[in-house]
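Everything in the sequence shown is counted per the numbering used here, starting at 117 for the first residue and increasing by one.
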Amino acid sequence: MTDTPRLILVTGASRGIGRAAALDLARQGNIVIAVARSKAALQKLDDEIRALGSEAVLVPMDLKDTKGIETLGKVIGERFGRLDGLVANAGILGTLGPLETCGPRSFEETIATNLNANFHLIRALSPWLHQSDAPRAVFVTSSVARHPRAFWGPYQAAKAGLEALVIGWADENENMKLRANIFDPGGTRTGMRAEAMPGEDPMTLPTPEEVAAEMVKLVSPDETRTGACVVYRELAKAKG
Numbered sequence: 117m118t119d120t121p122r123l124i125l126v127t128g129a130s131r132g133i134g135r136a137a138a139l140d141l142a143r144q145g146n147i148v149i150a151v152a153r154s155k156a157a158l159q160k161l162d163d164e165i166r167a168l169g170s171e172a173v174l175v176p177m178d179l180k181d182t183k184g185i186e187t188l189g190k191v192i193g194e195r196f197g198r199l200d201g202l203v204a205n206a207g208i209l210g211t212l213g214p215l216e217t218c219g220p221r222s223f224e225e226t227i228a229t230n231l232n233a234n235f236h237l238i239r240a241l242s243p244w245l246h247q248s249d250a251p252r253a254v255f256v257t258s259s260v261a262r263h264p265r266a267f268w269g270p271y272q273a274a275k276a277g278l279e280a281l282v283i284g285w286a287d288e289n290e291n292m293k294l295r296a297n298i299f300d301p302g303g304t305r306t307g308m309r310a311e312a313m314p315g316e317d318p319m320t321l322p323t324p325e326e327v328a329a330e331m332v333k334l335v336s337p338d339e340t341r342t343g344a345c346v347v348y349r350e351l352a353k354a355k356g
């Protein structure tokens, strides 16, 4: 390993856990490739990262743009020749309610953002991850992927598919340097959580910063696990 800053791509970097992860990684001296839909929010993030003495590459993009993901991979290869880490955090809640009442467009958009986009990220970025001395990837999941329940149909279907996708990918690379894991943040004080659970007291939940501090450890060069599902609540409980 060298003292060269690690290059980490973060999706959904403009708010919530993704934003907290981007700032935490920048604070550690990493170069962050920040991907999000909002250009204005990315520019604000860039100002904060620069204030920390680090730098960011801003990529305003909707992850449903699969051609855009392909182009992003090519640009990373041409400009850097490698990628050290991927924090695949971006996701949407989609429609909550009886499955019969979910419109096809909403269902397909939820699958496209939460599952398909991650397949395209793996496909576009893995050649450059394999050029890293210690490539690491983490994908954000939810407990409903493993314990499905009423009214979460599209979201939990996408997350269940994502878990299978990532665990299979990790297994394919068990003899390589790549380490790929899943991270379940649980209930976190974010806008998405407030949308899903409007009656919940947000002050009973951990902050995005607290959660992100554990998630970014999974893209550290010291991380040895692969194919694991790391649950934030279990980590917090173990710490007392």
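The beta-carbon is built from N, C-alpha and C at its ideal position, and this holds for glycine as well.
Please read all numbers here as calculations on a predicted model, not as lab measurements.
Query: Give me the Cβ distance between MET331 and VAL126, rounded to the nearest whole Å; I'm assuming they're in contact under 8 Å.; Result: No, MET331 and VAL126 are not in contact; Cβ-Cβ is about 10 Å, not under 8 Å.
Query: Grab the span of the alpha helix (DSSP H) containing VAL346 for me, first residue to last.; Result: Not the alpha helix (DSSP H): VAL346 falls in the beta strand (DSSP E), residues 345-347.
Query: Report yes or no: do the segment 212-227 and the segment 265-274 share at least 3 C-beta pairs separated by less than 8 Å?; Result: yes
Query: Just how far apart, CA to CA, sit ILE208 and CYS218?; Result: 15 Å
Query: How is THR118 classed by DSSP in three states: helix, strand or coil?; Result: For THR118, the predicted structure reports a pLDDT of 46, less than 50, and the residue's modelled location is therefore unreliable. A value from the coordinates is still provided. THR118: coil per DSSP, three-state reduction.
Query: Go ahead and label THR120 buried or exposed: buried means 16 or more other beta carbons lie within 10 angstroms of its beta carbon, across all protein chains shown.; Result: exposed
Query: Answer yes or no: do ARG349 and GLY307 have a C-beta to C-beta separation smaller than 8 Å?; Result: no
Query: First and last residue of the beta strand (DSSP E) that includes ASP300?; Result: 295-300
Query: Suppose contacts are defined by Cβ-Cβ distances below 8 Å. Is ARG135 in contact with PRO324 by that definition?; Result: yes
Query: Does SER154 pass the burial test, meaning 16 or more other C-beta atoms within 10 Å, or should it be called exposed?; Result: exposed
Query: Pick out whichever of ALA261, ASN232, ILE147 and SER259 has its Cα sitting closest to the Cα of GLY169.; Result: ILE147
Query: Assuming GLU186 and ALA240 make a contact with CB atoms under 8 Å, what is their CB distance in whole Å?; Result: 5 Å
Query: Evaluate the contact criterion for the segment 171-178 versus the segment 156-163: three or more CB pairs, one atom per stretch, below 8 Å.; Result: yes
Query: Buried or exposed: which applies to ALA167, given that a residue is buried once 16 or more other Cβ atoms fall within 10 Å of its Cβ?; Result: exposed
Query: Whole alpha helix (DSSP H) runs in the segment 127-160 with 4 or more residues, listed along the chain?; Result: 132-143
Query: Classify PRO337 as helix, strand or coil using the three-state DSSP reduction.; Result: coil
Query: Start and end of the beta strand (DSSP E) containing ARG252?; Result: 252-256
Query: Could you check where the beta strand (DSSP E) with ALA172 kicks off and where it finishes?; Result: 172-176
Query: If we call anything under 8 Å between Cβ atoms a contact, is PHE255 one with ILE298?; Result: yes
Query: Given that a residue counts as buried once 16 or more other Cβ atoms are within 10 Å of its Cβ, and exposed if not, what is THR229?; Result: buried
Query: From GLU288 to ARG309, what distance separates their C-alpha atoms?; Result: 33 Å
Query: Would LYS353 be called buried (16 or more neighbouring beta carbons within 10 Å of its own) or exposed?; Result: exposed
Query: Confirm, please, whether the CB-CB distance from VAL260 to GLN247 is below 8 Å.; Result: no
Query: Rounded to whole angstroms, what's the CA-CA distance from ALA276 to ALA250? Just pull it up for me.; Result: 27 Å
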